[in-house]
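S.K.:
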Amino acid sequence: MSTVNAEIEIAAPIDAVWETVMDPARLGDWVTIHKSLEDASRPPLHKGATMDQCLAVRGLTFHVHWNLVKVDEPRHAEWEGVGPARSRARTAYSLSEGTNGSTLFQYTNEFHPPGGRLGSMAGRMIVGATSEREAKKSLAQLKSLLEKHT
Numbered sequence: 000m001s002t003v004n005a006e007i008e009i010a011a012p013i014d015a016v017w018e019t020v021m022d023p024a025r026l027g028d029w030v031t032i033h034k035s036l037e038d039a040s041r042p043p044l045h046k047g048a049t050m051d052q053c054l055a056v057r058g059l060t061f062h063v064h065w066n067l068v069k070v071d072e073p074r075h076a077e078w079e080g081v082g083p084a085r086s087r088a089r090t091a092y093s094l095s096e097g098t099n100g101s102t103l104f105q106y107t108n109e110f111h112p113p114g115g116r117l118g119s120m121a122g123r124m125i126v127g128a129t130s131e132r133e134a135k136k137s138l139a140q141l142k143s144l145l146e147k148h149t
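In structure tokens:
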């Protein structure tokens, strides 16, 4: 298993950040590894919502089926995903009030590759530091996107 944690303070109200990150149609606006959205529940999303997403990491394109398993609007959301060869992922968004009306956005991603220890080693070799770098780039894009519109 590999875990990535990243956070950023965004000069935008918590509701605006929540609305953006919880709209599957907006993923292409801020998620750097997002290629396409194949199917998704319509916002506003509730527990049980789903989406099918195509992602690309280090030249590899793959599909993930996501299920929204926890929602506490506008503070917290958790998605569980199933990818190729029964790989699994969990992504969490946590939002809290920052300084002067800003929002602190915390992102966590856990990736569980298939194949036990061997799969974990292969996953680290394929993904390496890419996950953390892409998470930070995605959050920077989210910040830029939201701060342009506030």
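Anchor point for the sequence shown: position 79 equals 78 in numbering that gives the first Met the number 0, and the numbering is continuous, going up by one each time.
Built from N, CA and C at the ideal position, the CB exists for glycine as well.
1. Please go through the same chain and pick out, in chain order, the residues whose beta-carbon is closer than 6 angstroms to the beta-carbon of ALA5, but skip the five residues on each side of it.
2. For the stretch 13-88, which segments carrying the beta strand (DSSP E) assignment without a break, of at least 3 residues, lie completely within its bounds, in sequence order?
3. What whole-angstrom Cβ distance do ALA88 and HIS111 have, given they're in contact under 8 angstroms?
4. Does GLY82 pass the burial test, meaning 16 or more other C-beta atoms within 10 Å, or should it be called exposed?
5. Would you list the one or two residues that DSSP bridges to SER93?
6. Under a three-way DSSP split, which group does GLU131 fall into?
7. Buried or exposed: where does GLY100 fall if 16 or more other Cβ atoms within 10 Å of its Cβ makes it buried?
8. Let me make sure I understand the geometry here. Which of LEU67, GLY58, THR60 has the alpha-carbon closest to that of MET50?
9. So what does DSSP say about ALA139, is it helix, strand or coil?
10. With a CB to CB cut of under 6 angstroms and the five nearest residues on each side skipped, what residues in its chain are close to LEU141?
M.R.: Looking at the atomic coordinates:
1. TYR106, ALA134, LYS135, LEU138
2. 33-39, 49-56, 59-71, 75-81
3. 7 angstroms
4. buried
5. HIS75, GLN105
6. helix
7. exposed
8. LEU67
9. helix
10. TRP29
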